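*Asks:*
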């Protein structure tokens, strides 16, 4: 079983739409969670960390459900510039490794 | 002032050759990583390394070896290249002691084995 699983999409949404991505992780002892963004042919970059109480950064909201081992990312009022692949990332407990999901591809359409 | 830089950006080589990819970070981080991103875009950890410990993903063939001359560099050496080694290789670094540490990635090296 993979450490992190995501729906690969693709998600094609119109500008202004709200879209949500989900991912699940297998190790219940995991402590740190992140969403990274990767543009086509570019390196991954941190979008936001995910905190236990949930957190918001502008149009982006991240949620964590430890009981279900589930992480989500909500994007409101989608912009064309939001088109990218969104990677769910989990840090293994007691180790320095980040485990990446396969990514969910988002295309925002004019 | 690139934080994590890796060279070359593109590498095309024949099967059986030996090649190296270099990585340098100027962030003062204590941990560096190599990731492989295959054709399905899946990012998989290959190695993580700090000045105390090398952690190797057991699925990585021993033809791959990381070499760290100092804290700011982690190079990847690959022996006897195979067609299946074609992928994008990303170097990254983080201040790994902090659980919420952000990993910074290099721009990637697109390796094509022919």
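Protein chains in written order, with the numbering used here: chain S, 1 to 110; chain R, 111 to 224.
Even glycine gets a Cβ: it sits at the ideal position worked out from N, Cα and C.
As the structure is a computational prediction, the values presented were derived from the model and not from experiment.
Rounded to a whole number of angstroms, what is the C-alpha to C-alpha distance between residue 153 of chain R and residue 39 of chain S?
*Replies:* C-alpha separation (whole angstroms): 14 Å.
*Asks:* Pair every Cβ in the stretch 17-27 of chain S with every Cβ in the stretch 190-202 of chain R, then say whether three or more of these pairs are closer than 8 Å.
*Replies:* No, because fewer than three Cβ pairs between the stretch 17-27 of chain S and the stretch 190-202 of chain R fall closer than 8 Å, the two stretches do not touch.
*Asks:* Is there a Cβ from chain R that is less than 7 Å from the Cβ of residue 100 of chain S?
*Replies:* Yes, because at least one Cβ of chain R sits closer than 7 Å to the Cβ of residue 100 of chain S.
*Asks:* With H, G and I counted as helix, E and B as strand and the rest as coil, what does DSSP make of residue 87 of chain S?
*Replies:* Strand.
*Asks:* So, at 6 Å on beta carbons, what are the nonlocal neighbours of residue 6 of chain S in its own chain, with the 5 sequence-adjacent residues on each side left out?
*Replies:* 23, 88, 101, 102, 104, listed in sequence order.
*Asks:* If you scan the stretch 4-57 of chain S from start to end, which runs of the beta strand (DSSP E) of 3 or more residues do you find wholly inside it?
*Replies:* Listed in chain order, they are 4-6, 11-14, 19-25, 32-38, 44-50, 55-57.
*Asks:* Any beta-carbon of chain R closer than 7 Å to the one on residue 106 of chain S?
*Replies:* So no, residue 106 of chain S is outside the interface.
*Asks:* Quick check on residue 203 of chain R: does DSSP put it in helix, strand or coil?
*Replies:* Residue 203 of chain R: strand per DSSP, three-state reduction.
*Asks:* Just the C-alpha distance for residue 109 of chain S and residue 160 of chain R, rounded to the nearest angstrom, thanks.
*Replies:* C-alpha separation (whole angstroms): 43 Å.
*Asks:* Just the C-alpha distance for residue 223 of chain R and residue 86 of chain S, rounded to the nearest angstrom, thanks.
*Replies:* Roughly 28 Å between the two C-alpha positions.
*Asks:* In this structure, what does DSSP give as the bridge partners for residue 59 of chain S?
*Replies:* DSSP output for residue 59 of chain S lists no bridge partner at all.
*Asks:* Counting pairs of Cβ atoms below 8 Å between the stretch 180-197 of chain R and the stretch 123-134 of chain R, do you hit three or more?
*Replies:* Touching, per the Cβ criterion.
*Asks:* Counting along the chain, where does the beta strand (DSSP E) carrying residue 191 of chain R start and finish?
*Replies:* Careful: residue 191 of chain R lies outside any beta strand (DSSP E) and carries neither H nor E.
*Asks:* Could you tell me whether the stretch 57-69 of chain S touches the stretch 135-144 of chain R, where touching means 3 or more Cβ pairs closer than 8 Å?
*Replies:* These segments do not touch.
*Asks:* Taking the beta carbon of residue 171 of chain R as the centre, do at least 16 other beta carbons fall within 10 Å, making it buried, or is it exposed?
*Replies:* That one is exposed.
*Asks:* Does residue 134 of chain R get closer than 7 Å to chain S when you measure Cβ to Cβ?
*Replies:* Chain S, which has no Cβ nearer than 7 Å to the Cβ of residue 134 of chain R, makes this no.
*Asks:* Look up residue 80 of chain S in the DSSP assignment and say whether it is helix, strand or coil.
*Replies:* DSSP places residue 80 of chain S in helix when its eight states are reduced to three.
*Asks:* Do residue 212 of chain R and residue 106 of chain S come within 7 Å of each other at the CB atom, strictly closer than that value?
*Replies:* No, these two residues do not count as a Cβ contact at 7 Å.
*Asks:* Can residue 215 of chain R and residue 113 of chain R be called in contact, C-beta distance under 7 Å?
*Replies:* For residue 215 of chain R and residue 113 of chain R, no; Cβs fall outside 7 Å.
*Asks:* With 7 Å as the limit, tell me which residues of the stretch 120-145 of chain R have their beta carbon closer than that to any beta carbon of chain S; keep them in chain order.
*Replies:* Answer set for the stretch 120-145 of chain R: 141.
*Asks:* With which residues is residue 214 of chain R paired in a DSSP beta bridge?
*Replies:* Looking at the DSSP assignment, residue 214 of chain R forms a beta bridge with R:203.
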